[in-house]
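In what follows, a single structure is set out as structure tokens and then discussed.
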Amino acid sequence: MTVQIDLSGRAALVIGGGGGGIGSAMLDAVARAGADVGIITFVPEHAATSVAHAESLGVRAAAVVLDVTDEATLVAGIAELAAQLGRFRHLVNVVGGSLADDWHRSAEYDMDAFDRLVGRNLRYAVVSCREVARELLAAGEEGSIVNLSSAAARGTPLLGAYGAAKAALESFGRTMALEWAPKGIRVNAVAPGTIRTPRAGTTDMADAAAQEIPLGRRGAPEDIANAALFLLSDLASYITGVTLAVDGGTIIGGRGGDGLPTFVTNPAVRARFGS
Numbered sequence: 102m103t104v105q106i107d108l109s110g111r112a113a114l115v116i117g118g119g120g121g122g123i124g125s126a127m128l129d130a131v132a133r134a135g136a137d138v139g140i141i142t143f144v145p146e147h148a149a150t151s152v153a154h155a156e157s158l159g160v161r162a163a164a165v166v167l168d169v170t171d172e173a174t175l176v177a178g179i180a181e182l183a184a185q186l187g188r189f190r191h192l193v194n195v196v197g198g199s200l201a202d203d204w205h206r207s208a209e210y211d212m213d214a215f216d217r218l219v220g221r222n223l224r225y226a227v228v229s230c231r232e233v234a235r236e237l238l239a240a241g242e243e244g245s246i247v248n249l250s251s252a253a254a255r256g257t258p259l260l261g262a263y264g265a266a267k268a269a270l271e272s273f274g275r276t277m278a279l280e281w282a283p284k285g286i287r288v289n290a291v292a293p294g295t296i297r298t299p300r301a302g303t304t305d306m307a308d309a310a311a312q313e314i315p316l317g318r319r320g321a322p323e324d325i326a327n328a329a330l331f332l333l334s335d336l337a338s339y340i341t342g343v344t345l346a347v348d349g350g351t352i353i354g355g356r357g358g359d360g361l362p363t364f365v366t367n368p369a370v371r372a373r374f375g376s
């Protein structure tokens, strides 16, 4: 039996769609599932290429270019896209991340960096969830939302603010899930592990680190998009308030290149039990 995800007749909003990586994979996934796609990006050249790609898959698409951390601009952009495509039944918040300039040890944390990361990873997502859900609630329609979290939400050195913002997004998502469940609006999260994207690049060190992932590889953007698409779809109609880790098994324990957990450091033990 073949199970297909069908979002035809619905509109989906992808914030951070296009430009390569997870955003492009997510845009492609929802369009292939038949949804009309609203795209929000901060890179002008990504807007036209993303719309063209979605339309090539036989769906309607529209894009706006804006800074998601500006609440008024974001609210207006969502309304503009909804006016073109109809009320959004689905939302995926992809925008986020943490650049190396914003990495700090906890005892030396720069609070301007903290505020930037909260705005880029938490605040805008709360605003977009609010706006999409508000329209669904007013219309009495069901819908589904997926927020991209991160494995860093569990705690990662140098990524304190980023991880805290993602953990808060998961927590706020559970609150929204509880409040909106009676109206048929589901809210879930996907927490990527180490993903191979254009921004992440490829280095010998990254490839070596991938061997510490239980499944033995870094993830692909499509791994994240497929998980999010499942949660958006009716196949997940009885799932809300969860965070799905898509990390190759990292959440249950990394391993060294010899197949043993990274915390096993005794050479004799590694020699005895290593693959």
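According to my numbering, the sequence shown is numbered sequentially starting from 102. Glycine is no exception: its CB is placed at the ideal position from the N, C-alpha and C atoms.
query: Beta carbon of L218, beta carbon of A262: below 9 Å?; result: yes
query: With a Cβ-Cβ cutoff of 9 Å, do A77 and P293 count as a contact?; result: Nothing about residue 77 can be reported from this structure: the residues present for the chain run from 102 to 376 only.
query: At the level of alpha carbons, what is the spacing between S250 and G342?; result: 13 Å
query: Do three or more CB pairs link the stretch 321-336 to the stretch 254-269 at distances below 8 Å?; result: no
query: For I179 versus S229, is the C-beta distance shorter than 9 Å?; result: yes
query: Using CA atoms only, rank isn't needed, just tell me which of A337, Q312, Y339 is closest to G354.; result: Q312
query: Classify R319: buried if its beta carbon has 16 or more other beta carbons within 10 angstroms, exposed otherwise.; result: buried
query: Using a C-beta cutoff of 9 Å, does V160 count as contacting chain B?; result: Checking the listed chains, one finds no chain B in this structure; it contains a single protein chain.
query: Taking only three categories from DSSP, how would you classify A290?; result: strand
query: Give the DSSP-derived three-state secondary structure of V227 in the structure shown.; result: helix
query: In terms of alpha-carbon separation, which member of L330, T298, T344 lies closest to G198?; result: T298
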